[in-house]
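Visitor: Sharing a structure below in structure tokens format, with a few things to ask.
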Amino acid sequence: MTGNGSKLLHKRTEFDNWRSLTMGIYMALAGYAVMVGIPVISTSWVNNLGFTEVEVGRVAGADLGGLAIGAVISALFVARVDRRYLAAFAALMAIAANALCIFYLSYEATLWLRLMAGIGSGIFTGIAVATIGGHSRPAFAFSLELFAFAGSQGAELKLLPYLTIEGIYMVLIATYVVGLLFLSWLPRRPVYKALDVEIDIAEAGGQHHKEHRHVPAYVPWMVLIAIILTYVNIGAYWTYIELSTVDSNASPDWVSSMLWISSVFSVIGCLFAVLLSNRYGLARPLLVTLVFQACIVLMLVFDINNATVAFSMFFFNFCWIFVDVYQAATIANVDHSGRFPAMIPAAQGLGNFLGPNFAASVLAFGLGYDGVFILCAMASIAAMLVYLYIYLMLKKAIPALADAP
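Under the working numbering, the first residue of the sequence shown carries the number 617, and numbering increases by one thereafter.
Here's what the structure looks like:
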């Protein structure tokens, strides 16, 4: 409830069904699997295939850029085409691309095949996020997704280092095969298609009435821009965090263990994200978190050792979950058609494409990993400034939406 006595209303639909939510969550985990495994996969590309650090940035950028392209495709069709057919097409594309990567291991072939795999995963993930975003309590739904994400992230980062690059591709294939078996759980079409919200207004005499408010189109678009900036930080950080410690004071075994142990810490982030959003809304905790995340990354500019690596990885994961819950729920609050929620992986993928490529360019210019981490911090602060502008504008236009949980 905002200071003027208004609050955002949500209605239950078929997207609140446990099968729908479970399927959406599983599809998101499958679609984001490469993004989660990038720190380990990047190292595997170097050790098993002989790729250079710059080539790793380009291949990772192609994979995650493909995620963005696929999510854009998903957004174009998710409100108009049967989602089960669209998801099946995406899964088969990702399966084929990953299978071909097993046989074609050159840098050029891998670059184009990872782009193809990324497009398939982007379409798959876009449908997943649109499905989760259709829930009547989007912050709760996305916190469940990210709770599962935290567990799968830890398992993935623990398992993948023991596999060859071919084994990693086989794991990715298996996740899509399982998804195909449960497509009947996926709702076929959205319930609402307008960019409107319903507000409960408290009157002076204690009575209530409902009003429909149209949400300006700039709101979801600006949130997507902020997501891109946020994931420039995330993409660059996760691509190079392990490689940046190779010639540092940090122990390689310690860094490897921190990659998966720290991911479990993000589970705590899910709990705190929901508790804080229920009390303070989505926007204000998000602004603070983005500033804190910038500080966490900048810390590595001054020294990289066991203590700073552990602190950075633990709290980066913690903040990552915070940011994801709030960003996704903000868009889901204003658009139930699935079109803008489906664009979330596109924004994430574009940021993840730009991040590794910007970081690779920083390294190519000889600025070192200090330059990479400064780039990460700048991107996080830029995202915070965009959200601050959105929040201030909504406080004037639709206060209930500005402070919505």
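Beta carbons: idealized from backbone N, C-alpha and C, even for Gly. The model shown is predicted, which means the values in this text are computed figures rather than measured ones.
#1: If you draw a straight line from the C-alpha of Gly767 to the C-alpha of Ala910, how long is it?
#2: To the nearest angstrom, report how far apart Tyr785 and Val793 are at their CA atoms.
#3: For Thr629, which residues from the same chain have a beta carbon less than 6 Å from its beta carbon, with the 5 sequence-adjacent residues on both sides left out?
#4: For the alpha helix (DSSP H) containing Ala678, list its first residue and its last residue.
#5: Considering only their Cβ atoms, is the gap separating Gln964 from Ile841 smaller than 9 Å?
#6: Excluding sequence positions up to five away, which residues of its chain have a Cβ less than 6 Å from the Cβ of Thr659?
#7: For the 8 Å Cβ check, are there 3 or more pairs between the segment 761-779 and the segment 662-676?
#8: Thinking C-beta only, is Ala746 closer than 9 Å to Arg700?
#9: Going straight from the alpha carbon of Pro777 to that of Ala833, what length do you get?
#10: Quick test of your reading: Val925 and Ala975, contact by CB under 8 Å. State the CB separation rounded to the nearest angstrom.
#11: Should Thr668 be labelled buried (16 or more other beta-carbon atoms within 10 Å of its own) or exposed?
#12: Take Ile781 and list the residues in its own chain whose beta-carbon comes closer than 6 Å to its own, dropping the five residues that flank it on each side.
#13: Suppose the cutoff is 6 Å on Cβ atoms and the five residues either side in sequence are ignored; what does the same chain contact list for Val848 look like?
#14: According to DSSP, simplified to helix, strand and coil, what is Asn922?
#15: Assuming Ile743 and Ser690 are in contact, meaning their beta carbons sit under 8 Å apart, how far apart are those beta carbons, in whole angstroms?
#16: Give the C-beta separation of Gly749 and Ala948 to the nearest angstrom, bearing in mind that I take them to be a contact with Cβ-Cβ under 8 Å.
#17: Classify Asp632 as helix, strand or coil using the three-state DSSP reduction.
#18: Classify Pro803: buried if its beta carbon has 16 or more other beta carbons within 10 angstroms, exposed otherwise.
#19: Since Ala790 and Leu991 are thought to touch, with beta carbons under 8 Å apart, how far apart are those beta carbons, to the nearest angstrom?
#20: Which term fits Val907, buried or exposed, when burial requires 16 or more other beta carbons within 10 angstroms of its beta carbon?
#21: Quick check on DSSP: helix, strand or coil for Arg805?
#22: Under 8 Å by Cβ, that's how I've got Gly736 and Ala687 pegged, so tell me the actual separation to the nearest angstrom.
#23: Using the three-state DSSP reduction, which class does Arg753 fall into: helix, strand or coil?
#24: Suppose contacts are defined by Cβ-Cβ distances below 9 Å. Is Phe765 in contact with Ile937 by that definition?
#25: In terms of residues, what are the limits of the alpha helix (DSSP H) holding Ala995?
#26: Thinking C-alpha only, which one of Ala755, Met643, Ala733 is nearest Asp940?
#27: Under three-state DSSP, which class holds Met617?
Guide: Result, derived from the coordinates:
#1: Locating residue 767 in the sequence shown gives position 151, where the first residue counts as 1. Locating residue 910 in the sequence shown gives position 294, where the first residue counts as 1. If I take the Cα positions, the gap works out to 24 Å.
#2: As a first step, residue 785 must be located in the sequence shown, where it is residue number 169. As a first step, residue 793 must be located in the sequence shown, where it is residue number 177. Taking the straight line from one Cα to the other gives about 13 Å.
#3: Working through the sequence shown from its first residue, we reach residue 629 at position 13. Excluding the 5 residues flanking it on each side, Thr629 has same chain C-beta neighbours closer than 6 Å at Val807, in chain order.
#4: The sequence position of residue 678 within the sequence shown is 62, counting from 1. First-last of the alpha helix (DSSP H) with Ala678: 669-693.
#5: Residue 841 sits at position 225 when you count from the first residue of the sequence shown. Residue 964 sits at position 348 when you count from the first residue of the sequence shown. No.
#6: Numbered from 1 along the sequence shown, position 43 holds the residue referred to as residue 659. If we look at Thr659 and ignore the five residues flanking it on each side, its Cβ neighbours are Glu858.
#7: no
#8: On the sequence shown, position 84 is the one that residue 700 refers to. On the sequence shown, position 130 is the one that residue 746 refers to. No, these two residues do not count as a Cβ contact at 9 Å.
#9: Counted from its first residue, the sequence shown places residue 777 at position 161. Counted from its first residue, the sequence shown places residue 833 at position 217. If you take the alpha carbons of Pro777 and Ala833, they lie about 44 Å apart.
#10: Here residue 925 is taken as the residue at index 309 of the sequence shown, counted from 1. Here residue 975 is taken as the residue at index 359 of the sequence shown, counted from 1. Contact doesn't hold; Cβ gap of about 17 Å is too wide.
#11: Taking the first residue of the sequence shown as 1, we reach residue 668 at position 52. Classification of Thr668: exposed, given that the 10 Å Cβ count is below 16.
#12: Here residue 781 refers to the residue found at position 165 of the sequence shown. Ser660, Asn664.
#13: Residue mapping note: residue 848 aligns to position 232 of the sequence shown, counting from 1. The beta carbon of Val848 sits closer than 6 Å to the beta carbons of Gly967, Leu970, Gly971, Ala995 from its chain, once the five residues preceding and following it are set aside; these are given in chain order.
#14: To locate residue 922, count along the sequence shown from 1; it is residue 306. Note: Asn922 maps to helix in three-state DSSP.
#15: Start at 1 with the first residue of the sequence shown, and residue 743 comes out as number 127. Start at 1 with the first residue of the sequence shown, and residue 690 comes out as number 74. In this structure Ile743 is in contact with Ser690, their Cβ atoms being roughly 6 Å apart against a cut-off of 8 Å.
#16: The residue labelled residue 749 in the question sits at position 133 within the sequence shown. The residue labelled residue 948 in the question sits at position 332 within the sequence shown. Confirmed, about 4 Å.
#17: Here residue 632 is taken as the residue at index 16 of the sequence shown, counted from 1. It is helical.
#18: Locating residue 803 in the sequence shown gives position 187, where the first residue counts as 1. Label assigned to Pro803: buried.
#19: Locating residue 790 in the sequence shown gives position 174, where the first residue counts as 1. Locating residue 991 in the sequence shown gives position 375, where the first residue counts as 1. Going by Cβ atoms, the distance from Ala790 to Leu991 rounds to 35 Å, so no, they are not a contact pair.
#20: For the purposes of this step, residue 907 is taken as residue 291 along the sequence shown, with counting starting at 1. Its Cβ having fewer than 16 others within 10 Å, Val907 is exposed.
#21: The residue given as residue 805 occupies position 189 in the sequence shown. Residue state, collapsed to three classes: coil.
#22: Residue numbering aside, residue 736 sits at position 120 when the sequence shown is read from its first letter. Residue numbering aside, residue 687 sits at position 71 when the sequence shown is read from its first letter. Here Gly736 is actually not in contact with Ala687; their C-beta atoms are around 11 Å apart, not less than 8 Å.
#23: As a first step, residue 753 must be located in the sequence shown, where it is residue number 137. Of the three classes helix, strand and coil, the one that applies to Arg753 here is coil, per DSSP.
#24: Sequence index remark: in the sequence shown, residue 765 carries index 149 (1-based). Sequence index remark: in the sequence shown, residue 937 carries index 321 (1-based). Yes, the pair counts as a contact, with Cβ atoms nearer than the cut-off.
#25: Residue 995 sits at position 379 when you count from the first residue of the sequence shown. Segment 984-1013, the alpha helix (DSSP H) holding Ala995.
#26: To locate residue 940, count along the sequence shown from 1; it is residue 324. The residue with the shortest Cα to Cα distance from Asp940 is Ala755.
#27: As a first step, residue 617 is located in the sequence shown; it is residue number 1 there, counting from the start. In this predicted model, Met617 has a pLDDT of only 48, less than 50, meaning its place in the structure is not dependable; the value taken from the coordinates is given anyway. Assignment of Met617 by DSSP, reduced to helix, strand and coil, places it in the coil class.
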